[in-house]
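Quick note on full-length UniProt numbering: the sequence shown kicks off at 1 and runs consecutively. Glycine included, C-beta positions come from ideal geometry on N, C-alpha and C. The structure under discussion appears below in the form of structure tokens.
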Amino acid sequence: MSAIRIYNTLDMTKEQWLKARQEGIGASDIGAIAGLSKWRSAISVYFEKTSKVEEKEESIRLELGKYLEPFVRDKAEGELQKRLGRSVKIIRQNAIFGNTDLPEWARTQIDFKIIDPENPLGDGLLEVKTADRLLAGEWEEGEDGKDGKVPDDYFCQCQWEMGVMGLKYCWLVCLVGGYKLVYVYIPFDEQFFTVLLEIAENFWKNHVLAKEVPPPDGSEATNAVIKKLYPQENAGESVDMSDLYGLLEARAQVVEQLSLLEKQKEKMDQEIKLRIAAAEKGYTAEIDGHYYEVSYKTQKGRRSIDFDEFAKKEPVLYNQWVTQPTIRVLRITKKKGGK
């Protein structure tokens with residue numbers, strides 16, 4: 001497969017870059033489309049591809065990631081040369097790529113290319129990430145970087161990049177918690193990439209081109225899209241939802257089951273608390289190499305404030321500092337007919 005340079009991104013404005021991204025499916029999109037991203041969903045990608053381009057202010061997390069990228073790249077170059085025992089070059093790729101053997105909508109924008117003339121597999125990719133220390137458990141280096149562990153959406157991203165670029169391996173390097181570099185070697189999996197292509201083709205043809213919103217997936221990313229699309233109701237307006245009667249019935253059953261399960265869990269918690277009594281901790285015997293540790297400790301609860309009393313005694317400060325955002329609340333009630 002032969003990768004082709006579609007756009008040079010070095011001199012692109014943010015708006016031009018966002019518009020270029022709407023022309024196809026990129027590596028950062030595929031994990032969300034496949035339902036494997038914690039940050040985005042198929043619905044959020046759909047509206048990014050079909051809506052008017054909006055320049056959003058980047059989060060501190062994203063800004064920090066870009067700021068630290070050159071540092072991680074420099075460290076990675078030295079470490080890879082040490083591990084491989086030979087000289088390699090890491091070159092930034094300021095471009096959006098496609099491939100002559102793939103559909104036109106299959107695009108990618110990679111971080112860096114590893115130039116390694118002595119590698120029988122040829123050149124490879126370097127993908128750079130940063131992660132909060134609380135997410136350290138999602139990253140494991142494995143033996144010599146191989147058979148490591150990375151978040152699912154990043155694995156999809158690397159496979160997509162390799163597939164579009166026609167390359168056979170990727171080094172995914174992550175700065176975890178600002179103090180630890182994790183190196184994970186990811187070989188190209190052609191079968192997995194073929195599955196991603198099928199998922200992407202269905203999404204592009206049956207949703208983006210057809211202007212058909214993908215089905216909801218229960219994710220917070222989809223909730224965020226819905227809140228943005230419909231922040232406020234039109235007073236007095238109603239819609240016929242007869243076609244959703246079965247769904248509403250099914251939802252009512254789920255709510256009932258959740259209530260029963262919550263009560264069952266509470267009953268179990270009560271039994272555990274009665275057993276631990278005034279002790280601080282409890283333990284079980286080890287079975288199949290595992291045991292349970294239970295703690296029942298006193299800790300400070302959440303701070304609270306009597307807003308009504310505060311408003312009476314300090315009305316100026318109350319009006320200056322206390323805000324009450326509006327939210328749309330979903331309430332569902334089954335009513336008797338005969339209206």
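query                                                                                                                                : result
Just verifying my parser: in three-state terms, what is the DSSP assignment at Asn-223?                                              : helix
In the structure shown, what three-state DSSP assignment does Gly-246 receive?                                                       : helix
Let's see if you can read the secondary structure: which residues bound the beta strand (DSSP E) around Phe-188?                     : No beta strand (DSSP E) holds Phe-188; DSSP gives it neither H nor E.
Can you pull the DSSP bridge partners for Ala-131?                                                                                   : Val-176
Among Gly-31, Glu-118, Gln-253, which residue has its Cα nearest to the Cα of Trp-160?                                               : Gly-31
Look up His-290 in the DSSP assignment and give the residues it is bridged to.                                                       : Ile-287
Please look up how many angstroms separate the CB atoms of residue 364 and Leu-125, rounded, as I've assumed it's under 8 angstroms. : For the chain, the structure presents residues 1 to 339; residue 364 sits outside this window and is missing.
So which of Leu-175, Arg-107, Lys-38, Arg-133 has the shortest CA-CA distance to Phe-71?                                             : Leu-175
Is it the case that the Cβ atoms of Asp-217 and Gly-26 are separated by a distance below 8 angstroms?                                : no
With a threshold of 16 other CB atoms inside 10 Å of the CB of His-207, please say whether the residue is buried or exposed.         : buried
For Asp-116, does the count of other Cβ atoms within 10 angstroms reach 16, so buried, or fall short, so exposed?                    : buried
Around the C-beta of Leu-80, are 16 or more other C-beta atoms found within 10 angstroms, so that it is buried, or is it exposed?    : buried
Looking at the unbroken beta strand (DSSP E) that takes in Tyr-318, where does it start and where does it end?                       : Element bounds for Tyr-318: not the beta strand (DSSP E) but the alpha helix (DSSP H), 315 to 321.
What number of angstroms, rounded off, separates the C-alpha of Arg-251 from the C-alpha of Asn-202?                                 : 28 angstroms
Buried or exposed for Val-195, going by 16 or more other Cβ atoms inside 10 Å?                                                       : exposed
Which of helix, strand or coil does DSSP assign to Leu-181?                                                                          : strand
I need the straight-line Cα distance from Glu-286 to Leu-134, nearest angstrom please.                                               : 28 angstroms
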